[in-house]
Amino acid sequence: MLNKGRQDLTLDSQPSGASVTVNGLERGTTPYQYTYDPADGREVRFEVYSPGHAPSTLELRPKTSGGVLFADAMLLHIPFLADKNSPAMYNIPIREVTVDLYRAFSEDMARFALPITGMNTTLDPRASLGTFKGRPIQQDKKSVLRGVDDMDRLAAAVSDGLRNTWLDGRTARMGTTKGDEAVQRAKVHLKPQLRSMKATLVGEHSRCYGPVEMEIDWRFFSALRNDSVLMSLPMRTTYNAVSSRASDVLHEALAHAARMLAQEAELPALMAGHYGAGLALSRGGEVNIARPRPIPYNGRKEMLSALVKAVVTVQADKSLGSGFLIGNDGHLITNEHVVGREAVVKVKFEQGFTLDAQVLKVNKDFDLALLKVQATELPALTVGDDLALMLGEELFAIGTPLDATLGQSVSRGILSGRRELEGRSYLQTDVSINPGNSGGPLVDEDGRVVGVATMKISGKGLEGLGFGVPISVALDMLNIRMTP
Amino acid sequence: MMTTRLSFALLALSFVAGAHAQWGIRGTVIHYERMTPRVQGNWLVGIDRDVSERTSIGLDLIGHLNFLDDGKSGSAVYDGHHVYYYVVRKSFGLQYRSIFFLSDQARGAYIGTQVGFRSITRIFNPSASPINSGTGTTPAWDRQTTVQETVIPLSFRLGLRGELDGWFGDLYMAVGTQLGTDRTASLAPYAEARDRLAGFTFQVGYAIGVGWF
Numbered sequence: 103m104l105n106k107g108r109q110d111l112t113l114d115s116q117p118s119g120a121s122v123t124v125n126g127l128e129r130g131t132t133p134y135q136y137t138y139d140p141a142d143g144r145e146v147r148f149e150v151y152s153p154g155h156a157p158s159t160l161e162l163r164p165k166t167s168g169g170v171l172f173a174d175a176m177l178l179h180i181p182f183l184a185d186k187n188s189p190a191m192y193n194i195p196i197r198e199v200t201v202d203l204y205r206a207f208s209e210d211m212a213r214f215a216l217p218i219t220g221m222n223t224t225l226d227p228r229a230s231l232g233t234f235k236g237r238p239i240q241q242d243k244k245s246v247l248r249g250v251d252d253m254d255r256l257a258a259a260v261s262d263g264l265r266n267t268w269l270d271g272r273t274a275r276m277g278t279t280k281g282d283e284a285v286q287r288a289k290v291h292l293k294p295q296l297r298s299m300k301a302t303l304v305g306e307h308s309r310c311y312g313p314v315e316m317e318i319d320w321r322f323f324s325a326l327r328n329d330s331v332l333m334s335l336p337m338r339t340t341y342n343a344v345s346s347r348a349s350d351v352l353h354e355a356l357a358h359a360a361r362m363l364a365q366e367a368e369l370p371a372l373m374a375g376h377y378g379a380g381l382a383l384s385r386g387g388e389v390n391i392a393r394p395r396p397i398p399y400n401g402r403k404e405m406l407s408a409l410v411k412a413v414v415t416v417q418a419d420k421s422l423g424s425g426f427l428i429g430n431d432g433h434l435i436t437n438e439h440v441v442g443r444e445a446v447v448k449v450k451f452e453q454g455f456t457l458d459a460q461v462l463k464v465n466k467d468f469d470l471a472l473l474k475v476q477a478t479e480l481p482a483l484t485v486g487d488d489l490a491l492m493l494g495e496e497l498f499a500i501g502t503p504l505d506a507t508l509g510q511s512v513s514r515g516i517l518s519g520r521r522e523l524e525g526r527s528y529l530q531t532d533v534s535i536n537p538g539n540s541g542g543p544l545v546d547e548d549g550r551v552v553g554v555a556t557m558k559i560s561g562k563g564l565e566g567l568g569f570g571v572p573i574s575v576a577l578d579m580l581n582i583r584m585t586p
Numbered sequence: 762m763m764t765t766r767l768s769f770a771l772l773a774l775s776f777v778a779g780a781h782a783q784w785g786i787r788g789t790v791i792h793y794e795r796m797t798p799r800v801q802g803n804w805l806v807g808i809d810r811d812v813s814e815r816t817s818i819g820l821d822l823i824g825h826l827n828f829l830d831d832g833k834s835g836s837a838v839y840d841g842h843h844v845y846y847y848v849v850r851k852s853f854g855l856q857y858r859s860i861f862f863l864s865d866q867a868r869g870a871y872i873g874t875q876v877g878f879r880s881i882t883r884i885f886n887p888s889a890s891p892i893n894s895g896t897g898t899t900p901a902w903d904r905q906t907t908v909q910e911t912v913i914p915l916s917f918r919l920g921l922r923g924e925l926d927g928w929f930g931d932l933y934m935a936v937g938t939q940l941g942t943d944r945t946a947s948l949a950p951y952a953e954a955r956d957r958l959a960g961f962t963f964q965v966g967y968a969i970g971v972g973w974f
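First to last, the sequence lines map onto chains Z and X.
Add 102 to a position in the first sequence, counting from 1, and you land on the number used in this note's numbering.
Add 761 to a position in the second sequence, counting from 1, and you land on the number used in this note's numbering.
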C-alpha cells in the first residue's frame, strides 16, 4: 500500500443539528463524522436538511493521490487492481465542511419584484482576490476567479441567488423599454457594489474547497426619484466552496451572498415601505371632483340606455378604447394603455359629438388614466361601492369593442371573484371584455360604476376571464377625491 | 505462451475493474514501429478507458501495412558467397497501455508503460553466387526461409492526448525493448543486422478517436 491518506470528514451545518443523508440513506445529525468507504462510490452525495430550511446538498469526490496513481500507471495498473477497494487508496481533500442551510420562505410571504440593474465594484484591479493552493489569485483571464470585472455576469449570479425567495430578482437593463418598465413597476431596483473579496481555496480546478469572504453593499435605488439611493445594506458573507469547479466559485459565492440578503429579517418591511411609497408617488397630486348628479332613468329597463350617455369611445393615435365620465365637469377615467404617451386624445360621445381630451395623469402600475374634456353639464356615472359587491352579483360592461361603430355596446355577466395579480387587486368577471372595451366601466345592477374594465385572459379553450380594477382602487391610485 | 495468456487475463481484468466510466475507440493516422532496424508502417485500432482523473488504460491491435511494403532487399558476403536477398515482412500484435496524465482531468501530456506481444514473420529469398568461381555446390541456406518469432515488447510511452469526450487525438512515442529469441542468425545467417530483430525498439504515431461517458 502506497497511500496513507485521510478518509475522515467532519460535516457541520449552519445552524447545526440538521439531519444528514449519505447517498440517500440517513446517517446522523450535524456535526457528523464521516469516514469514507469505497462502497459509497466515487462521488458521495450528502444531503443536509432541517425543518424550516431548504435542504442543502454537496457532492464529495475522494481522490487517490497523484503519487499512487503514477505508480499504478507505471506498473500497468496492477496495484490499482489490488487496492482499488481499500479506503486507504483514497483521500478526502478537506477535513471539515460547514454547509449553510438557507431559511425556507413561506408561500404566503409577500413577494416583491426587484430588478437588478447592474453591479459595480470598488476592487482594486491589481489587488489579489485571495489564494488558490497557496498562490495569490490575480484578476486576469486565467484566474480561478476570472469574471470579477464582468458586471453582467455578477448581476446574473445575484439573480440566481434570489431565485425561490420572496424577492423576484431579475436582471434588467436600464434604457431599454422592457428594463425601464420592469423598474417602473417595481418602484425599487438593486445595484449592488462588491467592495472586497478574499478567497482561500485549495484543491484542483475541477474540485476546489474553501471559504470565500465577500463584502457587498446592497444598494437599493428609487425608480421614481432619479435613481436616488433608498437604502444601503452593507453585508459581509462567507461562502464555503465544497467540491466546486473553480470557474463556478465566484458565481456561487455571489448567489450565496444574495440569498443571505433575502434572509435579512428587516428587509421585507423595508421593501414594503419603499414599494408603498413608490406607489403613492405614482398617484400624483390630488384631484378634487364634485360628485356628479345621478343620471335620471325610470326603472331598470331604461337604466343602461341612460348610462351609455356617460360612456365614451377614446381614440388615441394608435389605439382605441373606452372611458367614462365621473364628473359633470368633464373628468373621465380610462386605461393607461389606451392613451399611451399622448397628451391629447379624441373622445367620442354617444350623442355623436367628439371632443379633445387632455390626459391629466396616468398610473402605469394600475393601467389607469385621468382625462378632462372642456365641457360642463355632461352626464357622469355615480361611483359605487365595489367592496360591497357580492360574488355572483350582476355586472354590466359598457364600451366600444373592436371598432368605433360598435360604440357603447353593453354586455352582461357576474362577479366571478376578487383576485390579487402581481400585488394588485382585480375584480374577476365573465362579462365579455374585448379589445376596445378597455377603460370602460363595469356597472353594478344599481347603475353605479364599480370597476374599470382592464384586461382579459384569452387563449384556446378559455372563456369568460375578464378583469377590472375596482373603482375604489382606481380613485385611490389616481388620487381622486370625490367632493360633495 | 504462458506469458501471453497472463497478459490477456490482466488486460481483461483491468477493463472490467476500471471505475471512471469514460471510454473511447481509436484508429491510427500513422504508426511507425521499429521491430527490426528497418522501421515499418502499421495500422492500429484500439480502445481507451479512463480509470481515474489522472490515469487511463488502453488496448491496441497493431498490424503491418503490407500493401505499402512489398519487400526489401539486402546483400552480404557469407560463407564464401555473395548473397543478394529479398525479404518480405509481416507482423501483428496486441499492446496494452497504462498511462498517467501530468495534469488533472485525464488529458494533456502523459507518461506511461506498455506491454504486449508481436508475431513477426520474415520470408527471406536469397540468391548466392560463389566468390571464387568453380566451387560448385549450392549451400543449404540458399533457399527460401521463413523466420517467425513471437516477442514481448516492453516500452515507456510519452504523449499528448485530448479528453475522452467527443473527438480526441493522441500524439505519442514509445521507447523500449522486446523480449524473445531471434532465430534469424541460425535460419537466415546471411541476413544483415538491419533485418534481424532490434534490441532497442521505438514507436511514434498519431491516432484519432471518439470518446463517450
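Yeah, the Cβ is synthetic: ideal placement off N, Cα and C, and Gly gets one too.
For residue i, which residues from the same chain have a beta carbon less than 8 Å from its beta carbon, with the 5 sequence-adjacent residues on both sides left out?
i      : result
X/V777 : Only weak support is given to the placement of X/V777: the predicted model assigns it a pLDDT of 49, under 50, and the value that follows is read from those uncertain coordinates. There are no such residues.
Z/M253 : G220, M221, N222, T223
Suppose the cutoff is 6 Å on Cβ atoms and the five residues either side in sequence are ignored; what does the same chain contact list for residue i look like?
i      : result
Z/T267 : F207, A364
X/V876 : Y857, L915
X/S945 : Position check: residue 945 of chain X holds Thr in this sequence, whereas Ser was assumed. Cβ within range, chain order: V908, A952, R957.
Z/L406 : V512
Z/E161 : E145, R147, S345
Z/G509 : T415, T502
Z/D210 : none
Z/S298 : E317
Z/V533 : L497, A499, S513, G515, G568
Z/G566 : D532
Z/G263 : A357, A360, R361
Could you say which of the options lies nearest to residue i if we only look at CA atoms?
i      : options                        : result
Z/Q460 : Z/S330, Z/V446, Z/L470, Z/E145 : Z/V446
X/R868 : X/R904, X/S880, X/G785         : X/G785
Z/F569 : Z/G305, Z/Y399, Z/R526, Z/P336 : Z/R526
Z/E366 : Z/A229, Z/A382, Z/P336, Z/S349 : Z/P336
X/V849 : X/G873, X/T797, X/D943         : X/T797
Z/Q116 : Z/R402, Z/S152, Z/R108         : Z/S152
Z/A482 : Z/G429, Z/T456, Z/V475         : Z/G429
Z/V170 : Z/S158, Z/P157, Z/A184         : Z/A184
Z/L422 : Z/H439, Z/L372, Z/P396         : Z/H439
Z/R385 : Z/E149, Z/F468, Z/P543         : Z/F468
X/A959 : X/R879, X/T898, X/G970, X/G873 : X/R879
Z/V410 : Z/G380, Z/G168, Z/L491, Z/L480 : Z/L480
Z/F214 : Z/V464, Z/A284, Z/G130         : Z/A284
Z/T456 : Z/V413, Z/K463, Z/L493         : Z/V413
If you drop the 5 nearest sequence neighbours on each side, which residues of the same chain put their C-beta closer than 7 Å to that of residue i?
i      : result
X/F961 : T938
Z/L504 : N536, P537, G538
Z/F182 : D174
Z/K81  : Residue 81 of chain Z lies beyond the range of chain Z shown here (103 to 586); nothing can be said about it.
Z/L372 : M333
May I ask which residues mark the beginning and end of the alpha helix (DSSP H) holding residue i?
i      : result
Z/V285 : 279-288
X/D943 : X/D943 -> no alpha helix (DSSP H), and no H or E assigned at all.
Z/E565 : Segment: none, Z/E565 is in no alpha helix (DSSP H) and carries neither H nor E.
Z/I180 : 180-185
Z/V440 : 438-441
Z/E404 : 401-409
Z/G169 : 168-176
Taking the continuous beta strand (DSSP E) assigned at residue i, which residues delimit it?
i      : result
Z/M299 : 295-305
Z/I573 : It is not in any beta strand (DSSP E) - Z/I573 instead sits in the alpha helix (DSSP H) that spans 573-579.
Z/L462 : 456-465
X/L855 : 842-862
Z/M584 : 582-585
Z/D202 : 198-202
Z/M557 : 551-558
X/A837 : 833-839
Z/E161 : 158-162
(message) With a threshold of 8 Å, are at least 3 pairs of Cβ atoms found where one atom belongs to the stretch 313-327 of chain Z and the other to the stretch 339-351 of chain Z?
(response) Contact between the stretch 313-327 of chain Z and the stretch 339-351 of chain Z is present, because at least three Cβ pairs lie under 8 Å.
(message) With a threshold of 8 Å, are at least 3 pairs of Cβ atoms found where one atom belongs to the stretch 355-371 of chain Z and the other to the stretch 237-246 of chain Z?
(response) Cβ pair count under 8 Å is below three, so no.
(message) Restricting to runs no shorter than 3 residues, where is the beta strand (DSSP E) found entirely within the stretch 310-388 of chain Z?
(response) Entirely contained in the stretch 310-388 of chain Z, the beta strand (DSSP E) runs reaching 3 residues are, in chain order, 310-324, 331-346.
(message) Please give me, in chain order, every unbroken run of the alpha helix (DSSP H) with length at least 4 that falls completely inside the stretch 196-277 of chain Z.
(response) Those alpha helix (DSSP H) runs which fall completely within the stretch 196-277 of chain Z and span 4+ residues are 253-264.
(message) Below 8 Å, how does it come out for the stretch 385-398 of chain Z and the stretch 287-296 of chain Z: are there three or more Cβ pairs, yes or no?
(response) Not touching, per the Cβ criterion.
(message) Would you call the stretch 115-132 of chain Z in contact with the stretch 304-313 of chain Z, where contact means no fewer than 3 C-beta pairs closer than 8 Å?
(response) The stretch 115-132 of chain Z, when compared against the stretch 304-313 of chain Z, does not touch it at the 8 Å Cβ threshold.
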